[in-house]
Amino acid sequence: MRIDGTSYRTIWVDPEDGWSIRIIDQTRLPWRLEILRLTETEQAFKAIRTMQVRGAPLIGATAAYGLALAARQDPATDSMERAAAHLAEARPTAFNLTWALQRMLQRLRNTPRNERAEAAYAEAAAIADEDVEQNKAIGWHGLPLIAAIAEANRRSPNVLTHCNAGWLATVDWGTALAPIYRAHDEGIALHVWVDETRPRNQGASLTAWELGRHGVPHTVIADNAGGHLMQHGMVDLVIVGADRVTRNGDVANKIGTYLKALAARESGVPFWVAVPSSTIDWEIADGIKEIPIEERDAGEVASITGRSAEGSIVRVCLLPDGSNAVNPAFDVTPAPLVSGLITERGRSAASREGLTCLFPEQAR
Ligand code: MRU
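Note that the working numbering gives residue 122 to position 46 of the sequence shown, counting from 1, and the numbers run on in steps of one.
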C-alpha cells in the first residue's frame, strides 16, 4: 500500500545489503513513521514480542525472516531448530507463527547445509509474497458482500471492523480491510466504523491511520459504541480478521471481537471473518478449550499512550493507586456466531463442512 505516494510493504529485505530485514515500527504509529533494521534473530523475536510488528500474518513473516537471519549465522540443524523454538515463544495465539516456522524448518531440513541460508531467505520471501497474493484474493472474494449492500440499499455501506487487520497486520493489503480497499478502489463509496480497540488501540492508532492514508472515509468509535450503532441500523456489515481459526470455524481474534459478534447476531448484522489459510489450525476443533489466549502485561490496561500537545509520545496512568488490572489479549467467537469466512479460495460457512469444501486436502 502507499504512504504519501510511496509504496510500502510491512517487511522487506534491505536492498542495499541484500540480507538485513526492514520493518515499520508499529509502536511509533500513528505519530511517527520509523523504519527499523533487524540483523539478528533475537531482534526479530523482540519485534514480535514487543509488537513493533503485530497481526497474525506479519508475525509469521517476521518469524520466517528471523529464521533466515539465524540460518545466515549458523545453518546447523540443531541451531535452526533452537532458533525456531525460541521464535515460536514470542507470542502464543497467532497460528501463522507456528505455521511459518514449521514451513521454514521443513524446507531447511531438506536442503544441504551450505545452501540453507539462501534457501531460508527464498522461503521467507515466498511466505511474504504468498501472503500478499492471498490477501489480494480475500479482497476480491469479500468485495461482493460490500457491493451487494451498496446495490440493495442505494447508499454507502457502513462496515465495522475491530483491531487492525489491515495491511499493517499482514505483508500487504490486510485481511479484513482487503475487501474494504478493493471496494473503495472499485469506486464503491463506503464508510468504516473503526473500534478503537483498547487496551493497545490498534484501531485508533493503526486502522484509522492506514484507512486515512488510502483515503477511505472512516470514523473511530469507542469499543462500547458498536452495539448501539448496530441497534440503530448504522452498521450494515462487520468484517474482522483472526489470529487462529479452528477446523470447525471457531475464531480467535483481538479481545472484544466476541462481544461484537453477539451484538451483530442480536441486531441481525452479518459478521464475517477474513482469514488466509495460514491462520487455520486444522489440528484443533474447539476454540474455547484449545486456542491458547495470550495474557499481556496489565500495564497496557492501566495506562494509555498518545501524543502530548508538545508533540512527544507520552504514556499516562489511568488507574487509582492500588487497583489491579488484567489483560487477556484475545477472545474466541464460536462458529455459530460467524456468518462466514472469507479466504483466498472464496467464501465459506464457518464450519468443518464449509472449510473442507474450500480446502479438500485438509479433510480427515
Ligand atoms: O495483538 P495484535 O495487534 O497482534 O492482534 C491483531 C489482531 O487481532 C488481528 O485482528 C489479527 O491478527 C488478524 S491480522 C490480519
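Don't be surprised by glycine CBs; every beta carbon is placed ideally from N, CA and C.
query: When the distance is taken between beta carbons, is Met306 closer than 8 Å to Ala265?; result: no
query: List the residues that DSSP assigns as beta-bridge partners of Thr237.; result: Val270
query: In whole angstroms, give me the CA-to-CA distance for Thr103 and Ala252.; result: 21 Å
query: How far does the beta strand (DSSP E) with Asn229 in it reach, from first residue to last?; result: Run containing Asn229: none in the beta strand (DSSP E); it sits in the alpha helix (DSSP H), 192-229.
query: Buried or exposed: Asp326, going by 16 or more other Cβ atoms within 10 Å of its Cβ?; result: buried
query: Quick one: what's His290 bridged to in DSSP?; result: His290 pairs with nothing; no bridge assigned.
query: Could you give the DSSP three-state label for Asp407: helix, strand or coil?; result: strand
query: Just to confirm, is the Cβ distance from Ala361 to Asn400 under 8 Å?; result: no
query: Using a threshold of 8 Å, state whether the C-beta atoms of Ile203 and Arg167 are closer than that.; result: no
query: If I measure Cβ to Cβ from Arg383 and keep anything under 8 Å in the same chain, skipping five residues before and after, which residues do I get?; result: Trp107, Ile389, Val390
query: Alpha carbons only, please: which of Ala280, Ser424, Asp397 is nearest the one belonging to Leu324?; result: Position check: residue 324 holds Asn in this sequence, whereas Leu was assumed. Taking only the C-alpha atoms, the option nearest Asn324 is Ser424.
query: Going by beta-carbon coordinates alone, are Asn190 and Ile135 separated by less than 8 Å?; result: no
query: Starting from the N-terminal side, write out each stretch of the beta strand (DSSP E) that is 3 residues or longer and does not extend beyond the segment 361-388.; result: 379-383
query: What is the DSSP secondary structure of Ile264, counted as helix, strand or coil?; result: coil
query: Does the beta-carbon of Thr419 have 16 or more other beta-carbons within 10 angstroms, so that it is buried, or is it exposed?; result: buried
query: Does the beta-carbon distance from Ala132 to Thr355 come in below 8 Å?; result: yes
query: What does Gly344 pair with, by DSSP beta-bridge criteria?; result: None; Gly344 has no bridge partner.
query: When every heavy atom of ligand 1 is checked, does at least one fall within less than 7 Å of the C-beta of Thr322?; result: no
query: Can you name the start and end residues of the beta strand (DSSP E) that Thr138 belongs to?; result: No beta strand (DSSP E) holds Thr138; the alpha helix (DSSP H) holding it covers 132-149.
query: Determine, using beta-carbon pairs with one atom in the segment 239-254 and one in the segment 214-225, whether at least three such pairs fall under 8 Å.; result: yes
query: Between which two residues does the alpha helix (DSSP H) carrying Leu184 extend?; result: 171-185
query: DSSP has Trp88 in a bridge; who is on the other side?; result: Arg98
query: Contact between the segment 311-322 and the segment 280-287 is defined here as three or more beta-carbon pairs at a separation below 8 Å; is this criterion met?; result: no
query: Could you tell me the distance, in whole angstroms, from the CA atom of Gly422 to the CA atom of Glu386?; result: 48 Å
query: Can you tell me whether Gly288 is buried or exposed? The criterion is at least 16 other CB atoms within 10 Å of its CB, across all chains shown.; result: exposed
query: Where does the unbroken beta strand (DSSP E) through Ala328 begin, and where does it stop?; result: 327-330
query: Taking 7 Å as the cut-off, is the C-beta of Lys330 nearer than that to any heavy atom in ligand 1?; result: yes
query: Alpha carbons only, please: which of His267, Arg258, Asp299, Val408 is nearest the one belonging to Gln278?; result: Asp299
query: Since Ala137 and Ile79 are thought to touch, with beta carbons under 8 Å apart, how far apart are those beta carbons, to the nearest angstrom?; result: So it is not a contact: roughly 19 Å between Cβ atoms.
query: Should Ala245 and Arg130 be called a contact, given that it needs their Cβ atoms to be closer than 8 Å?; result: yes
query: Short of 8 Å in beta carbon distance, which residues of its chain neighbour Thr187, apart from the five on each side in sequence? Order them along the chain.; result: Ala195
query: Can you look up Ala350 in the DSSP assignment and give me helix, strand or coil?; result: strand
query: For Ser83, count the other beta carbons within 10 Å of its own beta carbon; 16 or more makes it buried, fewer makes it exposed. Which is it?; result: exposed
query: Can Asp312 be considered in contact with ligand 2, in the sense that its beta carbon sits closer than 7 Å to one or more heavy atoms?; result: As far as ligands go, the structure on display features ligand 1 and does not contain ligand 2.
query: Evaluate Asn229 with the Cβ neighbour count: other Cβ atoms within 10 Å of its Cβ, from every protein chain shown; 16 or more gives buried, anything less gives exposed.; result: exposed
query: What residues are listed by DSSP as bridge partners for Asp357?; result: Thr322
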